[in-house]
Structures are given as C-alpha cells and as structure tokens.
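2 protein chains.
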Amino acid sequence: MLNADVRTALIDIIGKKRYLDRPEELACYAYDAFLEESLPDAVLFPQTTAEVAAIVRVAATHRLPVTARGAGTSVCGAPVPVHHGLVLCFSKMNRIIEVNTADRYAIVEPGVINADLQRALAPHGFFYPPDPGSINISTIGGNVALNAGGPRCLKYGVTVDYVLGMEVVLASGKVVRFGSRNVKDVTGYKLSALFCGSEGTLGLVTEIILKVVPQPEAVRTVLVTFNDLDDTARAVSSIIGSGIIPVAMELMDKMTVNAIEDAVGLGLPREAEGVLLIEVDGISEACEREMRRIVEKVRECGAVEVKEAATAQERDQLWAARRQTYGVFAKIAPDIISEDVTVPVSKVPEMIRRIREIGKQYQVAIGVLAHAGDGNMHPLIAADRSNKEEWARVLESFGAIFAAGAELGGTLSGEHGIGLAKTPYLPLVMDQDSRDFLKLIKRAVDPDNIFNPGKFV
Amino acid sequence: MLNADVRTALIDIIGKKRYLDRPEELACYAYDAFLEESLPDAVLFPQTTAEVAAIVRVAATHRLPVTARGAGTSVCGAPVPVHHGLVLCFSKMNRIIEVNTADRYAIVEPGVINADLQRALAPHGFFYPPDPGSINISTIGGNVALNAGGPRCLKYGVTVDYVLGMEVVLASGKVVRFGSRNVKDVTGYKLSALFCGSEGTLGLVTEIILKVVPQPEAVRTVLVTFNDLDDTARAVSSIIGSGIIPVAMELMDKMTVNAIEDAVGLGLPREAEGVLLIEVDGISEACEREMRRIVEKVRECGAVEVKEAATAQERDQLWAARRQTYGVFAKIAPDIISEDVTVPVSKVPEMIRRIREIGKQYQVAIGVLAHAGDGNMHPLIAADRSNKEEWARVLESFGAIFAAGAELGGTLSGEHGIGLAKTPYLPLVMDQDSRDFLKLIKRAVDPDNIFNPGKFV
C-alpha cells in the first residue's frame, strides 16, 4: 500500500482514470503466463514519455519498485512485480509513429501489439519478422524486453536483430536515445542491444525504431510425417547441415499432435511419432528449388508423408495448429510449463532422446515442441500444481532438462527469457564471474534497484 | 617509459621475445590508418587468455593504459595509444579453434585474419559475411572492436549480427564469457553486443564465437554507368524502395573512378558521372529474376550502360577496382581521410548533392564512394596535412558533411567507428544525457579507465 503523498504525487502526474489501486483491479496485474503471482501496489497507464519519466522520478525518490508490463504474455515471470510497488502498463502508449518503407524502418511506442504493426506494414508489402506465439496480443515493448523470437526467426533472426534504436527512461528519470533510423550505425556502444532482452531491469523503453523487411514473393509450406521421432530430429539436422535455411522448421511429437487433435481436430496425423512443419519463402523459383531439396532430405531420413499446403487457407490452418499448442496444453491440466531450452542444431536428436528419458525417469508426460531448425526446444508439461508430489517431479524433470541442454553445449533460453523461471539455473551456463558482471551492469545503471527487482540480476 | 619493476613483471608473464620497447620498434605501433600518432611504452604479444589476464592485472595495479591492437587498419584512430602505456597486439592469438558448419558457427581467437577465416570456411561451403575493405589483413578481433561492416553487409548485416558469444578479460583481470554456440540465446543481458563496437574501451576480447552461413549457389554482378550522379543516387533508392535487397550496391563518382583508372587501369568508364557495382546472390533462378528487376530499375533511372561480369575473373576484377579505392587515393596526396557518414537510403541523392556543394564551398575535391544500398557514404579526401591552409578547409568540410548527415536523419559512422576521428562530432547525433550514459557504462566496467583511454568515452 502506497503512502498517501506518493499516491497523490502519482495521480497528479497521470490522472485518476489511469491509476488503479483497488485490490480487484490489482489482481489482474499480478501474474503473467508463468506460475508466480505477486500484487503491485498500484498500476499506472502512462501515455507519454514525459509521464513515464515523472513517475520514475517519484519512484526513485521513494525507492519504489517499477515493473514494466506489456500484454503480460511472458512465460518466465518477467513482468510479475515480486517486490510489489508500481506496475507501468504500456497499453496506452500504442501509437505507430511512423512507417517508412523507403528507408525500411518503423517507429512505434512500446504498447503497439505485434500483429497491429504487421497490419500497418502489410499494405506497403513489408513485414516485421519476429513472430512470437503471442503475436496477436503481445506488445513490441514486451517483445523487446524479452528479446522475443518465434518460428520464422530461423531465417530472419530475433527481436534484437531488428531494433535499430530506442528511447529509454533511466532510473534518474532522464530520457536517453540510442541508435538511429540507419540500418548501419556504430556511433557509440550498442546500447539498444543491451536494453533488448533486459526484461525491464535497466530502464523503461518508451519508443522503438525497428527495421522492417519486404514481404517475400512466395511462401511454401509442408507438413512432414515420420514414424520415428529420431528420424524427425535427424531430418532437422540434415536439412540445416546441408546449407538450406528455411523460414521455419517446427517439430511436434506424438503427444503434442494428439493434444492438438483432441482439442481442435485439424486433421493432423495422430499416428505420427514426429511431425515437421517446414516453410520456405522468397522468389517463387527459389522456393520451388529449396522445397524440392527439403523433400529429398526428409525422405532420406524416413518421412512417410509429405503434404504441401495447396492454398493460403491450408497454410493458415497448419500454422493455426502449431500456434494453438500452448492453449491446447493449458486445457489438459490446471498448470502448464512451456519450457525453452536451446541446443546446437546437430544436438537436436540427442536432446530429444534425453527429454524422453527424463520424462520416463520422473514419470512426467513431456510434450516436445520445437523451433527445431535453430535448436530451440519447448518441452511442455501440463500438470496440477496442487498435487505436490507430482509437481515436485515436474520441477525436477525441468532441472534435469536444463542440465542436459547445458551438457550438450546448449543454453537456458532461446526466446522466453530468464525472469523468475530460469534464475536458479543460470549457474549451469554462466560462471560466477560472468554472472557478477551482469550484476555490475545492473548496479551501475539502476543503483537503487528500482526497475523490476527480484529477477535474474 | 615503464619503470623497471613493471617491465620485469610484464616480461615475466610474456617472455622477452614477445615484449618490445625499443623506440624503433614502438614506432610501428603508434598509428593506424587515421592521422594521429602516439607512442606506446611497450608492445606485448600475448598467446593465451591467461597471459592477457595477467598483463591486465599488472596494468590495473599500476593504472597503466592498455590498448588492444589487431592489424592496425582502423581508420578512426581507435588503436592509437594516445595515453601511451601498453599496446596488446593480438597477432599471435590467431588460432581458428573450431569450425562447425553443422551447427553453423566458428570459434576464433581475436588475431585471426578475416580472409583466413574465409579460407577455412570455403571448403565446407560456408562463409563469414562481414567483409571490410581490409578483409585481407584486418583481424576478427579488430572487426569485433569496431563492429566492422563491408559491401555485402547490405544483405547480410554487420559484425554484431554474427557474434554469438565471446570471452573477455575485464579490467579486474577476471575472465568472463557471454553468449554461446547457440544461434538463439536470451540468457542474461546481450553483453557480446555491448563489447562489439566498444573499440577496446571496456575489456579485451580473447575468443569469439561467430555465426557462419552457407555460400550461395550463384552470384551475379553488374557494373552500371550513369551520365548523372543524381540519377545514380536515385537508382539506389529506387532499387531499395522496390523491396529488392542486393548483396552489395557500391556507388563511385567520377573522381573516384578516374582515380582508380589513373592508378590501375581496370577499364572503368572514365566519362561516367556515376557508377554502381551491384551484386546479388542466392539460388540461380532467384539471381536471374532479381538482376532483371535491377536492370529495369537502373534503366528507368537513366543508366547508359549495364555490363555484367561474365566470369568469376571479371567479377573479381570489378571488386578489385572497388577495393583498391583507398590505396589509390592514398597515392594522390600524402594524407587521406576516408570518412564514413550514413543516412537513410532515401536521403542518398540529397546527401550526395550536399557533399558536392560542401566540396565547392570549401574548395576541396571530395571523392564519393558509398555502400549506397544502406546509405553508408565514404567521402574521400586526399590532401596534404603540411599545407595548413588547405588542411583547415579539409577539416571544416568534414564538419559540414557530418552536420549535413545528422540533419538528414543520418549518423556519424556506419562502420568505421568513433575512435579519435569522430569524438568531437558526437553531440551532432547524441544529446548530453545519452553521451553521459556511455560514460556511465565505461566507468562501471573500467573504473580506472585503463582500457584505451582518451577515446570517445
């Protein structure tokens, strides 16, 4: 509960309508798509950078925690205000300030929804590549905070590859700008990249300049079925190892496919042990050639069926199946963890074997879903947290998965971030001195630890 | 001059053979390809990370400046030891530790020459995209320190886009590691990106994990001639604006073409007011289609001749012409400045007009060379520093060029870095608070300012 003076100071900045502090209101801002919850003392909806800066100055004076929030779709607990204080919800800073396709950039406020940006770009024949599963609801600010990925990042790269510049409110309340509208810019340290993926722990991003790219002329999508999950994984390494880089190469195991079929019945092959959803794009002749090579490769690896989407509608249906996985698993049990461990792509077959062994060992049913082309695996578990015995096994199984990933040269997160979920596992992939360096940066930039305290740093 | 104890301590670490401090030896490490010179007190050639860390601990104890050096090809003064102290030359840390094309990465020591990495990758059908003009002599460590670019960065991106991870020796002498072999990795802050482009001011990079990519199946290269420089620039914006992204699109003006012809006689069209060297790569059918569209666009913009390289040899010859520009200008006069100002690509025609006006205004002959597709211009002046009156006009003209670039929404450097050359101009593109933030990071990471002091931060 904030003291009355602070409350008045904040309402003076933002007005009563954009200030929430009744318990029933606060409850909506206590959680994300991870498991932890914690109530903020107040939720504020700034509309301008000046308001954000003024709020931060009040917070800094009173050492009040400030946690930024986009749409709350994070799956690692990043926007959960574990130390309470203020949640700054950026949903009202949602203007697309400029779309400039001649110079291939767009300038947006952090609350712009990813899909809305796509809709603004499409009439110009352009798009913004990062496409997290949450594309229809998550915000660019949240995408930047978590350095979001998505299926097509295999070919196109992740959020940080598209952030040309940004405006940031620092803990001092000062407003700084890094980068520019220029695709090439080596003027000073690459600070946009430092803030991208910093999960709101270093400052509040209030404006973002993004690189945008021309839409490809053609897209081709196939669904490939295997009788063996090992074969499926081998096909992934084989395609990537041969030098082809598809837009996306999504892997689903039998459990995942059947969960989707049970829930929404899209006609996926229930009997398959593994399924790959592969997409290429570009000039149509290039797509044709690449797809031919991909089909050769998957057949060599034992594919039993290759089904190409004949129409845009069929293609959308395949992707809808893939995109619904998370929701589908959420229907199976009260709690779901969608994990995010990444290994070098040649280790995908081994990592999948390990995940299955770990599932057996801990008697936990683990669905495997992966942006397999870049080794980014999303093991999925649907379970019931209130069943303490089962839950303990679930947590142990994830610990084992992270350890296996690290042992194979992998890392803790490809796109979900660290937040609350992964902090305990950081030592698996970063030694003490390297972790200390994260803290050194955090302390220098936010000496009173007002920004999103209690997270990985 | 170092005191005897420090000298002994350093020689104890590295041995006498890898320690230089005679004046005639030091003179070779006092400069780069920019104009300033400053002698170090000693030059050391470490062979291992442990040696680097031990040297840094001695330097930190005695607050001795430590300036890293690769091949010394920087054109902004970055490796010039303006505060004297130690130069650490990484030429003996030049091992290619691993090439892994299945997982698409290579691990190298900082002293590996860019072209040597290319030679190691070529037999596997892979390459490392960043290709600075200095590719045959500059080192990956130097490329990382300056976040180097090059012609093909138009399609492929610059160094930071390829740095997956690194090992760094901090000012404390501690060794930290960021990133991993994984293409997708959001585990903690993106610190590899912070060190990339930091010009040796934050720490010493001792190992680098680089993303590598498959070689394209086909490459096509054309040389396009225009009778008007405005038309040339318009063709650039027209191609990029239409959604085509060539590998490279190099622009040369009449002065540049004639300087090349005078020096090496490669058969470039001397009478042309503007020349574009355009390259596309990929699957052959795609190259064919893209090249056809490019030729349409340049003809629409008034191209008078379009000449395609029929053989690999002809292609190499066209690129040799482009790559020799710097050396050719260096023959014209005792001193050369190759500048590096970047504007949004739609502003390329306007920026070229401004550069020509500025040349007239200050009575300075400015050659225009540009990675035009990404708006990265390299105005070139060959002059004589000993002619003080002329030199004053040269410096003023560059100030005017940077101001013009900033006014058009551009930035100070696309790929050369800030070093000594651009520090005075930083206020044109970064306000005081943003510049203060650079200093805040520097102070936090290197509190005694031992790493490359006297540079932009």
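First to last, the protein sequences are chains V and L.
The first sequence begins at 35 in the numbering used here and counts up one residue at a time.
The second sequence begins at 35 in the numbering used here and counts up one residue at a time.
Beta carbons: idealized from backbone N, C-alpha and C, even for Gly.
Beta bridge pairing from DSSP links alanine 102 of chain L with L:Leu122.
A contact between stretches requires three or more CB pairs, one per stretch, nearer than 8 Å, and the stretch 232-245 of chain V meets this requirement with the stretch 128-147 of chain V. Residue pairing of tyrosine 63 of chain L in beta bridges, as defined by DSSP: absent, with no partner found.
Of the residues assessed, aspartate 39 of chain L falls on the exposed side of the cut-off, its CB having fewer than 16 other CB atoms within 10 angstroms.
Taken through DSSP and simplified to helix, strand or coil, tyrosine 223 of chain V comes out as coil.
Look at the stretch 467-487 of chain L: the residues with a C-beta under 9 Å from a C-beta of chain V are Asp467, Ser468, Arg469, Asp470, Phe471, Leu472, Leu474, Ile475, Lys476, Arg477, Ala478 and Val479. Membership of aspartate 470 of chain V in the alpha helix (DSSP H) is indicated by the continuous run 466-479. Only buried fits proline 413 of chain L, as 16 or more other CB atoms lie within 10 angstroms of its CB. Residue state for threonine 107 of chain L is assigned as coil, using DSSP reduced to three classes. Note on threonine 135 of chain L: 16 or more other CB atoms within 10 angstroms of its CB, so buried under the neighbour-count rule. The three-state secondary structure of threonine 83 of chain V, taken from DSSP, is helix.
A straight-line Cα-Cα distance of about 6 Å links serine 125 of chain L and glycine 104 of chain L. Per DSSP, the unbroken beta strand (DSSP E) holding tyrosine 139 of chain L starts and ends at 139-142. Proximity of glycine 207 of chain L to chain V, defined by a Cβ-Cβ separation below 7 Å, is not satisfied.
Interface flag for tyrosine 459 of chain V against chain L is unset, since no Cβ pair is found closer than 7 Å.
Taking the CA atoms as reference points, lysine 489 of chain V sits about 30 Å from glycine 49 of chain V.
Close CB contacts of isoleucine 366 of chain V within its chain, under the 6 Å cut and outside five residues either way in sequence, are with Ala416 (chain order). For the pair asparagine 177 of chain V and arginine 333 of chain L, the Cα-to-Cα distance works out to about 42 Å. Annotation for glycine 439 of chain V: the continuous alpha helix (DSSP H) segment containing it runs 422-441. DSSP, read as helix, strand or coil, puts proline 250 of chain V in coil. Comparing alpha-carbon positions, the option among V:Asp219, V:Leu244 and V:Val203 lying closest to leucine 151 of chain V turns out to be V:Leu244. Between glycine 277 of chain V and glycine 159 of chain L, the C-beta gap is smaller than 7 Å, which places the two residues in contact.
The CB of alanine 320 of chain L comes closer than 8 Å to the CB of Gly316, Ile317, Glu319 and Ala320 in chain V, given here in chain order. The straight-line gap separating the alpha-carbon atoms of threonine 107 of chain V and threonine 376 of chain V is approximately 20 Å. Chain V places no beta carbon closer than 7 Å to that of valine 281 of chain L, leaving this residue out of the contacts.
Runs of beta strand (DSSP E) with 3 or more residues, each lying fully within the stretch 173-231 of chain L, are found at 197-203 and 209-213, listed in chain order.
Counting along the chain, no alpha helix (DSSP H) covers threonine 240 of chain L; the unbroken beta strand (DSSP E) around it starts and ends at 238-245. Assigned with DSSP and collapsed to three states, methionine 411 of chain L falls in strand. In this structure, isoleucine 131 of chain V sits away from glutamate 85 of chain V, with a CB-CB distance that is not shorter than 7 Å.
Under a criterion of Cβ atoms nearer than 7 Å, no residue of chain V is adjacent to leucine 285 of chain L; the nearest Cβ is some 15 Å distant. Nearest in C-alpha terms to serine 420 of chain L, of all of L:Pro368, L:Ile386, L:Asp467 and L:Gly231, is L:Pro368. Contact check between the stretch 210-217 of chain V and the stretch 459-471 of chain L: three or more CB pairs, one atom from each, fall below 8 Å, which counts as touching.
With respect to the 7 Å criterion, aspartate 264 of chain V and proline 378 of chain V are not classified as neighbours on the basis of their beta carbons. Lysine 50 of chain V: not part of any beta strand (DSSP E); DSSP gives it neither H nor E.
Among the residues of the stretch 185-200 of chain V, those with a Cβ less than 8 Å away from any Cβ of chain L are Cys187, Gly191, Val192, Val194 and Asp195, in the order of the chain. With respect to isoleucine 312 of chain V, methionine 283 of chain V sits close: the two C-beta atoms are nearer than 7 Å.
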